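Here the first sequence stands for residues 1 to 827, where the numbers follow UniProt numbering. Here is the structure we will look at, set down as structure tokens.
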Amino acid sequence: MSEQQPESSSYDVHAVEEKWQPVWDQIDPFRADDAAVVAGEREKRYALTMFPYPSGDLHMGHAEVFALHDVLSRYWKFRGYEVLNPMGWDSFGLPAENAAIRNDEHPATYTYANIETQYESMKRYAVSFDWSRRLHTSDPEYYHWTQWLFLKLREQGLAYRKNSPVNWCPQDQTVLANEQVLADGTCERCGAEVTKKELTQWYFKTTHYAQELYDCLDDLQDSWIGKVVNAQRNWIGRSEGAHVVFEIEGHGPVTVFTTRPDTLFGATFFVVAADAKLAAEICTDEQRGAFEAYVDDVRKASDIDRMSTERPKTGVFLGRYAVNPVNGERIPVWAADYVLADYGTGAIMAVPGGDQRDYDFAKAFDLPIIHTVQPPADFEGEAYSGSGPAINSANDEISLNGMDVAEAKSTIIAWLESKGLGNGTVNFRLRDWLLSRQRYWGAPIPIIHCPACGEVAVPEDQLPVELPELRGADLKPKGTSPLGAATEWVNVDCPACGGPATRDTDTMDTFVDSSWYFFRYLSPNDDTQAFDPALAEAWGPVDFYLGGDEHAVLHLLYARFFTKAMRDMGLITWDEPFTAYLSQGKVINNGRKMSKSLGNGINLGAQLDEFGVDAVRLTLVFASPPEDNIDWADVSPAGSLRFLQRAWRLSGDVTSEPGVDAVTGDLTLRKLTHKTVHDAAQLLESYRFNVVVARIMELVNATRKAIDSGCGPADPAVREATETVALLLSMVAPYTAEEMWERLGHQPCVAQAPWPTVDPALLVEDTVTAIVQIQGKVRGRLEVAPDISEADLEAAALADADVVRAIDGREVRRVIVKAPKLVNIVV
RNA sequence: GCCGGGUUGGCGGAAUGGCAGACGCGAUGGUCUCAAACACCAUUGUCCGAGAGGGCGUGUGGGUUCGAAUCCCACACCCGGCACCA
Numbered sequence: 001m002s003e004q005q006p007e008s009s010s011y012d013v014h015a016v017e018e019k020w021q022p023v024w025d026q027i028d029p030f031r032a033d034d035a036a037v038v039a040g041e042r043e044k045r046y047a048l049t050m051f052p053y054p055s056g057d058l059h060m061g062h063a064e065v066f067a068l069h070d071v072l073s074r075y076w077k078f079r080g081y082e083v084l085n086p087m088g089w090d091s092f093g094l095p096a097e098n099a100a101i102r103n104d105e106h107p108a109t110y111t112y113a114n115i116e117t118q119y120e121s122m123k124r125y126a127v128s129f130d131w132s133r134r135l136h137t138s139d140p141e142y143y144h145w146t147q148w149l150f151l152k153l154r155e156q157g158l159a160y161r162k163n164s165p166v167n168w169c170p171q172d173q174t175v176l177a178n179e180q181v182l183a184d185g186t187c188e189r190c191g192a193e194v195t196k197k198e199l200t201q202w203y204f205k206t207t208h209y210a211q212e213l214y215d216c217l218d219d220l221q222d223s224w225i226g227k228v229v230n231a232q233r234n235w236i237g238r239s240e241g242a243h244v245v246f247e248i249e250g251h252g253p254v255t256v257f258t259t260r261p262d263t264l265f266g267a268t269f270f271v272v273a274a275d276a277k278l279a280a281e282i283c284t285d286e287q288r289g290a291f292e293a294y295v296d297d298v299r300k301a302s303d304i305d306r307m308s309t310e311r312p313k314t315g316v317f318l319g320r321y322a323v324n325p326v327n328g329e330r331i332p333v334w335a336a337d338y339v340l341a342d343y344g345t346g347a348i349m350a351v352p353g354g355d356q357r358d359y360d361f362a363k364a365f366d367l368p369i370i371h372t373v374q375p376p377a378d379f380e381g382e383a384y385s386g387s388g389p390a391i392n393s394a395n396d397e398i399s400l401n402g403m404d405v406a407e408a409k410s411t412i413i414a415w416l417e418s419k420g421l422g423n424g425t426v427n428f429r430l431r432d433w434l435l436s437r438q439r440y441w442g443a444p445i446p447i448i449h450c451p452a453c454g455e456v457a458v459p460e461d462q463l464p465v466e467l468p469e470l471r472g473a474d475l476k477p478k479g480t481s482p483l484g485a486a487t488e489w490v491n492v493d494c495p496a497c498g499g500p501a502t503r504d505t506d507t508m509d510t511f512v513d514s515s516w517y518f519f520r521y522l523s524p525n526d527d528t529q530a531f532d533p534a535l536a537e538a539w540g541p542v543d544f545y546l547g548g549d550e551h552a553v554l555h556l557l558y559a560r561f562f563t564k565a566m567r568d569m570g571l572i573t574w575d576e577p578f579t580a581y582l583s584q585g586k587v588i589n590n591g592r593k594m595s596k597s598l599g600n601g602i603n604l605g606a607q608l609d610e611f612g613v614d615a616v617r618l619t620l621v622f623a624s625p626p627e628d629n630i631d632w633a634d635v636s637p638a639g640s641l642r643f644l645q646r647a648w649r650l651s652g653d654v655t656s657e658p659g660v661d662a663v664t665g666d667l668t669l670r671k672l673t674h675k676t677v678h679d680a681a682q683l684l685e686s687y688r689f690n691v692v693v694a695r696i697m698e699l700v701n702a703t704r705k706a707i708d709s710g711c712g713p714a715d716p717a718v719r720e721a722t723e724t725v726a727l728l729l730s731m732v733a734p735y736t737a738e739e740m741w742e743r744l745g746h747q748p749c750v751a752q753a754p755w756p757t758v759d760p761a762l763l764v765e766d767t768v769t770a771i772v773q774i775q776g777k778v779r780g781r782l783e784v785a786p787d788i789s790e791a792d793l794e795a796a797a798l799a800d801a802d803v804v805r806a807i808d809g810r811e812v813r814r815v816i817v818k819a820p821k822l823v824n825i826v827v
């Protein structure tokens with residue numbers, strides 16, 4: 001016995017990993033069955049986690065997201081759902097291209113080598129992916145359908161080309177979407193300061209769905225993590241207000257957007273964005289020189305200073321007057337850079353009495369200020385934008401005076417509408433998605449430019465438009481797409497007229513690739529269509545999506561846009577792609593983000609080598625609620641390993657035979673076992689994975705105690721408890737669980753075992769602990785029957801020796817009884 | 001400035017109107033050992049007390065309630081989103 005002690009008190013984590021991987025490969029328990037779901041034999045669950053970009057090997061962040069994701073996927077399988085849990089690679093993108101330039105090779109070399117590395121790591125990490133659905137967005141078999149979807153969007157009028165000032169990253173030498181420029185004006189990818197360039201580029205018309213993208217957030221409010229819903233609301237930026245038409249003398253009517261039409265009587269001047277075409281059109285010849293000088297100044301200053309709200313107001317008079325439609329007042333028209341060209345109509349009515357920016361401008365240029373809302377007596381500010389009765393707001397036909405803001409708004413809108421001078425409307429901050437990129441390693445835009453026919457779509461039967469073979473120095477960024485250098489590729493016959501024409505040389509933003517990949521998982525090998533609509537109907541939408549905060553707006557908004565567009569094309573029937581969404585926290589170290597420059601990186605491979613896959617997974621799941629950051633300095637993979645060994649040791653101590661009837665087993669342990677299973681299910685449904693682990697630990701502790709100093713290792717309840725530990729643990733620590741399962745005398749694999757049946761009778765306690773409070777403070781405890789009457793409980797409480805002593809002769813004024821749990825005595 | 005989320009022991013966190021601090025980390029003491037490591041056992045919010053026991057305690061201040069970490073009001077601080085968006 002003593003000789004065997006070392007051998008049986010721990011197991012070799014690496015040997016166990018090598019032992020089970022081939023067994024699982026053979027059993028292949030996680031392959032999703034399309035037929036069963038299409039036929040409705042089993043209820044489906046689509047579990048999705050964001051597919052990685054293949055830069056090097058997996059890191060701690062991947063380890064966390066996969067560990068969390070796998071708990072839920074495996075749980076769903078246990079509960080009898082047919083689970084779709086696919087994985088692939090978002091494999092177009094700049095790092096591969098930059099590596100190719102550095103190493104004089106093709107981007108595919110870097111990309112596919114890293115994919116293999118990551119694939120091997122994922123296999124070792126034992127995530128329950130259905131590998132038969134693996135895809136890579138850089139495969140022609142995949143981007144064929146990315147291109148096809150682009151053409152479909154274009155047919156719907158949702159993809160178009162326009163000339164416009166765009167965000168330009170001088171580092172990456174390509175344009176960027178609004179979503180890819182951070183709040184501080186830097187590139188989301190490389191951190192370089194983004195500048196503006198005037199270019200003709202492709203856009204997706206995301207604004208077409210602005211209202212719906214906004215409204216559907218209400219439905220996602222409870223099932224998506226709140227901060228992402230909030231971020232999307234802020235990004236889409238819905239504002240209710242009105243369009244109001246101002247006649248500009250000598251020019252014509254110009255419409256403005258305002259959220260405060262009730263303040264129209266206070267509009268004392270009119271401002272046009274200096275960089276809008278409209279400003280140049282309105283400007284009189286006399287003011288032309290001053291205007292152009294101002295525009296020059298604005299251009300120089302813009303990108304650095306324009307972010308600052310503290311900057312003093314600047315502008316220039318355009319030499320014309322607009323007529324305020326409510327009172328006929330002639331108000332001067334100015335150009336200024338505090339009005340944005342691409343929001344609203346690029347022109348505003350300025351109400352300095354009610355808007356601080358307009359107030360600042362009025363002060364700077366000595367323009368009149370009229371208050372149209374009565375500020376409270378103690379108001380000490382300048383512009384007043386709060387609530388209160390309207391003042392100074394009447395003409396011959398209408399008076400708003402005395403009305404509150406809401407009433408004044410609706411009244412004036414009705415009046416404007418009756419006069420044809422405006423209407424109530426809604427405006428959005430969201431802009432269209434700029435999708436062209438001047439880089440190589442992406443899906444070519446399947447358009448041919450013909451001098452005679454203009455833009456011509458590449459015929460569907462000629463898709464995919466494959467990338468020409470370029471490598472190394474050919475790919476160096478030069479401000480225009482590297483594809484332009486592939487002369488043979490670029491020059492083609494026009495599909496419409498047969499004349500000489502050229503291909504579009506830009507590639508698509510890689511966010512296009514990832515906007516629809518969750519559909520391709522349904523039909524990853526179908527070379528006749530993007531996906532089978534019948535499978536989409538059966539599997540979709542995604543039931544649970546786990547990913548990173550960095551995609552709160554970007555990817556999640558784009559995927560929502562694609563889904564709505566695909567619905568309107570008749571490809572699918574639902575409105576939203578992801579029924580539930582959760583973003584996991586980051587793995588940090590010592591209070592800081594891991595980074596090379598700080599030298600505080602934790603290498604996942606090294607952690608796996610030291611503690612094993614299961615201990616690392618357990619550590620990440622147990623550390624905190626999934627959405628919170630995990631500081632690696634605060635957690636203990638060694639402690640996790642210790643726990644796993646403790647759990648595993650139980651399986652060696654059980655002496656009863658498999659299949660023994662648990663009914664005769666120790667009741668206390670049985671009750672804990674059944675309660676643990678019951679609670680675990682509820683906790684898992686609400687993603688409370690860390691608490692589930694704590695409950696498994698409690699069960700392990702209790703089972704240990706039962707073996708050592710309780711009912712003993714032969715008691716059937718000990719087997720039941722240990723088997724339950726193995727089953728529950730398999731969601732977090734699959735290797736340890738499989739090893740336990742085998743030692744308990746079962747065939748592999750534990751993932752195919754059924755979820756333990758909870759006996760409701762065992763969830764009922766024989767006695768419960770009633771607490772007795774005096775003045776709300778706990779002063780005694782009573783063991784009572786769960787069905788004790790309130791009167792009996794009160795009597796028992798008042799008779800209790802501790803309670804009598806605590807009352808200390810004082811008069812009992814009131815007794816609150818909540819049988820069977822609580823008595824509160826008020827003295 | 002606007003919108004959202006948060007603040008609980010030395011640390012990560014439990015408890016969502018009824019025993020605050022589950023579970024774990026760390027720490028301290030012990031068993032084992034020649035010794036150490038591992039493992040195991042015990043203690044571990046804080047203050048008073050020899051002890052029994054008691055006081056205090058969930059960012060701050062108020063409120064509702066027999067009873068509040070939990071609900072309400074105000075404030076402070078932290079994190080995230082938007083921001084010259086009319």
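The C-beta atom is built at its ideal place from N, Cα and C for all residues, glycine as well. Predicted, not measured: the structure shown is a model, and the values here were computed from it.
Please state if the CB of residue j and the CB of residue i are separated by a distance shorter than 8 Å.
i	j	result
Y46	L84	yes
W145	A530	yes
R431	T207	yes
F270	V351	no
R357	G237	no
V175	L483	no
Taking the alpha-carbon positions, what's the residue i to residue j distance?
i	j	result
R260	G424	11 Å
A293	K313	16 Å
A717	A647	15 Å
W539	A751	22 Å
E382	P368	13 Å
M1	L762	Residue placement at M1 is flagged as unreliable, the pLDDT there being 29, under the threshold of 50; a coordinate-derived value is accordingly withheld.
C187	K476	19 Å
L822	V803	13 Å
L684	V298	56 Å
G319	L158	39 Å
A536	I696	37 Å
D461	D575	29 Å
I348	F257	6 Å
Once the 5 residues before and after residue i are set aside, which same chain residues still bring their CB inside 6 Å of it?
i	result
L421	V245, P325
C453	C494, A496, C497
A623	I630, V635
D708	none
First and last residue of the beta strand (DSSP E) that includes residue i?
i	result
T200	195-204
N427	422-428
L584	Checking the sequence, you will find Gln at residue 584 rather than Leu. Q584 -> beta strand (DSSP E) spans 581-584.
P253	252-258
T49	44-49
L84	82-84
For the alpha helix (DSSP H) that residue i lies in, which residues bound it at each end?
i	result
T510	510-513
F317	Premise fails: F317 lies in the beta strand (DSSP E), 315-323, not in any alpha helix (DSSP H).
P107	107-125
Leaving out the 5 sequence neighbours to the left and right, which residues in its chain are closer than 8 Å to residue i when beta-carbon positions are compared?
i	result
S515	H555, Y558, A559, F561, F562
Inspect the CB distances between the segment 278-287 and the segment 463-479 and report whether three or more fall short of 8 Å. no
With contact counted as at least three CB pairs below 8 Å, one residue from each stretch, are the segment 108-128 and the segment 401-421 in contact? no
Contact between the segment 73-80 and the segment 100-118 (3+ Cβ pairs under 8 Å): With fewer than three CB-CB distances shorter than 8 Å, the segment 73-80 does not count as touching the segment 100-118.
Taking 8 Å as the threshold, find out whether the segment 399-415 comes into contact with the segment 212-222 through three or more Cβ pairs. no
Does the segment 709-729 come within contact of the segment 663-679, defined as at least 3 CB pairs closer than 8 Å? yes
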